[in-house]
Amino acid sequence: MSKIIAIDGPSGAGKSSVSRLVGRRLGFLHVDSGALYRIMTWQALARGVDTSDPEAVAAFAPTVEVECRPVDGKVAYFVGGEEPGDRIRTAEINAHASEVATVKAVRDRITATLRGMAALGDLVVEGRDITTAVFPDTPARFYLTASAEARARRRRKEEVEKGIASASEEAVKESLLNRDRIDSTRRYAPLRKADGAMEIDSSDMTLDEVVEAVLAALPEGWREQH
Ligand code: DC
8 MSKIIAIDGP SGAGKSSVSR LVGRRLGFLH VDSGALYRIM TWQALARGVD TSDPEAVAAF
68 APTVEVECRP VDGKVAYFVG GEEPGDRIRT AEINAHASEV ATVKAVRDRI TATLRGMAAL
128 GDLVVEGRDI TTAVFPDTPA RFYLTASAEA RARRRRKEEV EKGIASASEE AVKESLLNRD
188 RIDSTRRYAP LRKADGAMEI DSSDMTLDEV VEAVLAALPE GWREQH
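Heads up: the sequence shown begins at 8 in the working numbering, then just goes up one per residue.
Rendered as structure tokens:
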């Protein structure tokens, strides 16, 4: 059976960087579940679906086909044979992804896709409901958090590095807090710390320190296998 490391937390807590590095250290595939919600949002917007209408989004969800396959240590996603890249990282998608993620038909579809990835091998999966709903039974569950200021600073730095920064740090913080609010108050699989998950507050930690904290907390034998 595949080993699954599940990492949840709010936007900008460092989940992607930590998951990527932990995956690389262990030879586990990195799975970015948020990208699947972003792809759904991107496709809905591209087809003119009103993302604030849950019924319209639910009807649209089954029509989106995403191919998932391992590429360079991660599970890569292809839509119509192409990787979406930064097309799913725009301010418009940031603004609509959380509302698309409230729709049960979307969550059920993405949850099934994520569970199916266990057939690909050992995984580090990051998201909002991985420890609570997608893989609640894995023994390696983490809740990664950081102050809103630290998260906004990091997210904006990432956007500047990618050349897609379009907002001030204050605006990035507002956008993060708005998504946190929607993600943690929604009816289906809201963001919360799972019982028994290890909480790591990364506000004053370096990336390496967080990676080491995750590795140190893994079950017996998971670190030694590769
Ligand atoms: O991690 P991210 O910012 O790329 O996620 C985009 C959106 O997807 C986020 O606002 C909430 C949603 N999401 C979710 O509901 N459940 C997940 N497991 C991952 C992301």
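From the three backbone atoms N, C-alpha and C, an ideal C-beta is built for every residue, glycine too.
- Residue environment for residue 48: buried (at least 16 other C-beta atoms within 10 angstroms of its C-beta).
- The alpha-carbon separation between residue 218 and residue 180 amounts to approximately 24 Å.
- Inter-segment contact for the segment 102–121 and the segment 144–153 is absent: fewer than three beta-carbon pairs are separated by less than 8 Å.
- For the pair residue 129 and residue 22, the CB atoms are not nearer than the 8 Å cut-off.
- Residue environment for residue 167: exposed (fewer than 16 other C-beta atoms within 10 angstroms of its C-beta).
- Residue 228 has its alpha-carbon roughly 37 Å from the corresponding atom of residue 86.
- Take the alpha-carbon of residue 137 and the one of residue 110: they are about 16 Å apart.
- Taking one beta carbon from each stretch, the segment 95–106 and the segment 36–56 have 3 or more pairs nearer than 8 Å; the two touch.
- Residue pairing for residue 74: DSSP places it in a beta bridge opposite 85.
- Taking 8 Å as the cut-off, the Cβ atoms of residue 187 and residue 17 count as close.
- Between residue 30 and residue 131, the CB-CB gap stays under 8 Å.
- In the displayed model, residue 44 falls within a helix according to three-state DSSP.
- Here the C-alpha atom of residue 57 lies approximately 15 Å from the C-alpha atom of residue 71.
- Counted as a single uninterrupted DSSP element, the beta strand (DSSP E) harbouring residue 134 occupies residues 130–134.
- Secondary structure remark: continuous alpha helix (DSSP H) runs of at least 4 residues inside the segment 149–221, in chain order: 155–169 and 176–192.
- Considering only 125, 78 and 134, the residue with the shortest C-alpha distance to residue 200 is 134.
- Distances taken from the Cβ of residue 40 to the heavy atoms of the ligand DC include one shorter than 7 Å.
- Here residue 112 carries a helix assignment [DSSP, helix/strand/coil].
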